[in-house]
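Data first, discussion second: the structure below is written as structure tokens.
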Amino acid sequence: MPWLLRKCIKCGMYTLRKNKCPYCGGPVRIPHPAKFSPDDKYAKYRRLMKKLALKAQPSASSP
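For the sequence shown, my numbering puts the final residue at 705, and the numbers step up evenly by one.
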């Protein structure tokens, strides 16, 4: 089923246009979440990337 509704990344307005927002000219994306599958093939990699991203962030307490 093709998704018709798009959401602007800049202003948050919804539109039916596929290329850019008619209000601000910003890029649009499909606002619907990905399908859920209990058999998640990539969960291991997603957890690893999340762990690496948290490790790479500088802590707020360091000067």
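The beta carbon of each residue, even a glycine, is placed where N, CA and C say it ideally should be.
Because the structure is a prediction, the values reported are computed rather than measured.
Simplified DSSP assignment, three categories, for residue i
i	result
residue 659	coil
residue 649	strand
residue 687	helix
Whole-angstrom distance between residue j and residue i, CA atom to CA atom
i	j	result
residue 669	residue 653	10 Å
residue 693	residue 674	25 Å
residue 647	residue 667	16 Å
residue 645	residue 662	15 Å
residue 650	residue 658	10 Å
residue 688	residue 664	34 Å
residue 672	residue 679	19 Å
Bridge-paired residues (DSSP) for residue i
i	result
residue 671	649
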